[in-house]
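**Student:** First residue of the sequence shown: 126, per this note's numbering; consecutive thereafter. Positions of the beta carbon are idealized from the N, C-alpha and C atoms, including for glycine. Bear in mind that the values here come from a model prediction, so they are computed numbers and not experimental data.
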Amino acid sequence: GMSSVQIAKHLNEKNTITPSQRKNSSRKINNDVMWSHQAVIRIIKDYKYTGAMVNFKCESETIRAKAQRRRKPEEWVVMENMHEPIVTHEEYELANSKLRKVKPCIKTKRTDVVIEYYCAHCGRILRKTYGLDEYYSCTTATYKESTPCKEIRLAKKEIEGVLLEIFKKQMELGFHKYANSKKREIVFDKKYFDAKRQLLESNIEKAKARNFELYELYRDNSLTAEQYTEQKSELVAQIKNYKNELIQFDEEMANAEEKQEALNKTYQELNEYANIMDDEEKLLEMMRMSINRVVVHSNDDIEVHWKNDNLFIN
């Protein structure tokens, strides 16, 4: 017989399309579809291939709940002989009896921050394998023979040591760029922006008041119809310009405020980094929190993407 991994590898070598490819389903991740150990096991365990229809395998815990939970097999609604079977009941039972019994695991929430490593060749997230040491590798190499992914194997301790040195270097650049300046850069002066906005609003209100005055002058015959029409047109155009200025100013103010928040965050992070420079454990934890993802091209070529673009260079 063949193991589930061998079956998956054989199907990939034969370029057999997967169920998701057959359904032409839209996929969120952008990488090649392939057969895997999990896909093979899932098909072997699926009772519907015996010709039955299986309903109510999942349920919502509350009304309008976004996530569903799996129900126990004894709670499923099974209707036999609803379509042409692909395997007999005997074949189904025999195949499932060969599967290794896996103990149900209790899921626990992780409190530590984990760096996500991605394969640059297929786009999949690298798996962590435990043994004498922890290391990362790409699952694609397990199911495909000729792929550059199989060359990727990173020891966790070594790669985090490399990342820590990169992190320290990035901090040195950050300190040089920001911390040496005696005065913080201010791009959003609230008093200035509030005063200017108040002035623009005041101009609009004055123009509206002038519009009312023109009407009063026209009603008192102090202005002819032509004079009133001409001056009113000029005033309407002026009000429109003031409003456009206000819209542009609001955009400028929002951009300045957003930039200032990013700068303040950078200064705050620099202060935090400065306080932990001598603490290796805290520095390592801060590094993990600062990295968005690491793209691995090979064991000697990685690409680090940081969460703070103002402070770090990708």
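Who are T254's beta bridge partners in DSSP?
**Tutor:** In the sequence shown, the residue the question calls residue 254 occupies position 129. For T254, which the question treats as bridged, DSSP gives the partners Y260.
**Student:** DSSP three-state call for A164: helix, strand or coil?
**Tutor:** Looking up residue 164 in the sequence shown gives position 39. Helix.
**Student:** Could you give the residue range of the alpha helix (DSSP H) that holds A121?
**Tutor:** A query on residue 121 cannot be resolved here, the shown segment of the chain reaching from 126 to 439 and no further.
**Student:** Whole angstroms are fine: how far does the CA of E326 sit from the CA of V361?
**Tutor:** Stepping through the sequence shown from its first residue, residue 361 is reached at position 236. Stepping through the sequence shown from its first residue, residue 326 is reached at position 201. Those two C-alpha atoms are separated by around 15 Å.
**Student:** Check whether the segment 387–397 and the segment 241–253 are in contact - that is, three or more C-beta pairs closer than 8 Å.
**Tutor:** At 8 Å Cβ cutoff, the stretches do not touch.
**Student:** Do T267 and V420 have their CB atoms nearer than 8 Å?
**Tutor:** In the sequence shown, counting from the first residue as 1, residue 267 sits at position 142. In the sequence shown, counting from the first residue as 1, residue 420 sits at position 295. No; because the gap between Cβ atoms is not below 8 Å, this pair is not in contact.
**Student:** Could you have a look at V287 and say whether DSSP puts it in helix, strand or coil?
**Tutor:** Here residue 287 corresponds to residue number 162 of the sequence shown, with the count starting at 1. V287 falls in the helix class under three-state DSSP.
**Student:** Hey, out of K316, I166, E276, K333, whose CA is closest to M378's CA?
**Tutor:** Taking the first residue of the sequence shown as 1, we reach residue 378 at position 253. Checking every option, the nearest Cα to that of M378 belongs to K316.
**Student:** Classify N159 as buried or exposed, calling it buried when 16 or more other Cβ atoms lie within 10 Å of its own Cβ.
**Tutor:** For this step, residue 159 is matched to residue 34 along the sequence shown. The question names Asn, yet the displayed sequence has Met at residue 159. It is buried - the Cβ of M159 has at least 16 other Cβ atoms within 10 Å.
**Student:** Sort F374, E200, E405 by Cα distance to A320 and report the nearest one.
**Tutor:** Taking the first residue of the sequence shown as position 1, residue 320 is located at position 195. Of the candidates F374, E200, E405, the one whose C-alpha sits nearest the C-alpha of A320 is F374.
**Student:** Just the Cα atoms here: how many angstroms apart are N206 and M178?
**Tutor:** Numbered from its first residue, the sequence shown carries residue 206 at position 81. Numbered from its first residue, the sequence shown carries residue 178 at position 53. Taking the straight line from one Cα to the other gives about 8 Å.
**Student:** Quick one: residues in its chain with C-beta nearer than 8 Å to the C-beta of V202, no 5 flanking neighbours on either side, listed in chain order?
**Tutor:** Working through the sequence shown from its first residue, we reach residue 202 at position 77. Within the same chain, V202 has close Cβ partners V179, N180, F181.
**Student:** Under three-state DSSP, which class holds V361?
**Tutor:** Residue mapping note: residue 361 aligns to position 236 of the sequence shown, counting from 1. Looking at V361 - three-state DSSP - the assignment turns out to be helix.
**Student:** Considering Y217, what are the terminal residues of the alpha helix (DSSP H) in which it resides?
**Tutor:** Here residue 217 refers to the residue found at position 92 when the sequence shown is read from its first residue. It spans 214–222 - the alpha helix (DSSP H) in which Y217 sits, taken as one unbroken run.
**Student:** For K170, I'd like the list of residues in its chain whose CB is within less than 8 Å of its CB, leaving aside the five on either flank, ordered along the chain.
**Tutor:** Counted from its first residue, the sequence shown places residue 170 at position 45. Within the same chain, K170 has close Cβ partners N221, L224.
**Student:** Can you name the start and end residues of the beta strand (DSSP E) that S185 belongs to?
**Tutor:** Position 60 of the sequence shown, counting from 1, holds the residue named residue 185. Note, S185: beta strand (DSSP E), 183–185.
**Student:** What three-state label does DSSP hand A190 in the structure shown?
**Tutor:** The sequence position of residue 190 within the sequence shown is 65, counting from 1. Reduced to three states, the DSSP call for A190 is coil.
**Student:** Are at least three pairs of beta-carbons, each pair with one atom in the segment 334–352 and one in the segment 277–296, less than 8 Å apart?
**Tutor:** No: the two stretches stay apart, fewer than three of their Cβ pairs being nearer than 8 Å.
**Student:** Between the alpha carbons of V239 and H208, how many angstroms are there, rounded?
**Tutor:** Counted from its first residue, the sequence shown places residue 239 at position 114. Counted from its first residue, the sequence shown places residue 208 at position 83. Cα to Cα, the separation comes out at about 46 Å.
**Student:** With a cut-off of 8 Å on the beta carbons, I'd call F313 and E200 a contact; round off their distance for me.
**Tutor:** Here residue 313 refers to the residue found at position 188 when the sequence shown is read from its first residue. Here residue 200 refers to the residue found at position 75 when the sequence shown is read from its first residue. About 58 Å separates the two Cβ atoms, so there is no contact after all.
**Student:** Between which two residues does the beta strand (DSSP E) carrying M204 extend?
**Tutor:** Locating residue 204 in the sequence shown gives position 79, where the first residue counts as 1. Unbroken beta strand (DSSP E) run through M204: 202–204.
**Student:** Alpha carbon to alpha carbon, how far is K191 from S161?
**Tutor:** Numbered from 1 along the sequence shown, position 66 holds the residue referred to as residue 191. Numbered from 1 along the sequence shown, position 36 holds the residue referred to as residue 161. Approximately 27 Å, taken between the alpha carbons.
**Student:** Sorted by chain position, which residues of the same chain lie with C-beta nearer than 8 Å to E184's C-beta, five sequence neighbours on each side aside?
**Tutor:** Here residue 184 refers to the residue found at position 59 when the sequence shown is read from its first residue. Here the set comprises Q193, R194, R196.
**Student:** Chain D beta carbons: is any one of them nearer than 8 Å to that of Q356?
**Tutor:** Considering every chain present, this structure includes no chain D. It has just one protein chain.
**Student:** Taking only three categories from DSSP, how would you classify C244?
**Tutor:** Translated into positions along the sequence shown, residue 244 becomes position 119. Here C244 sits in strand by DSSP.
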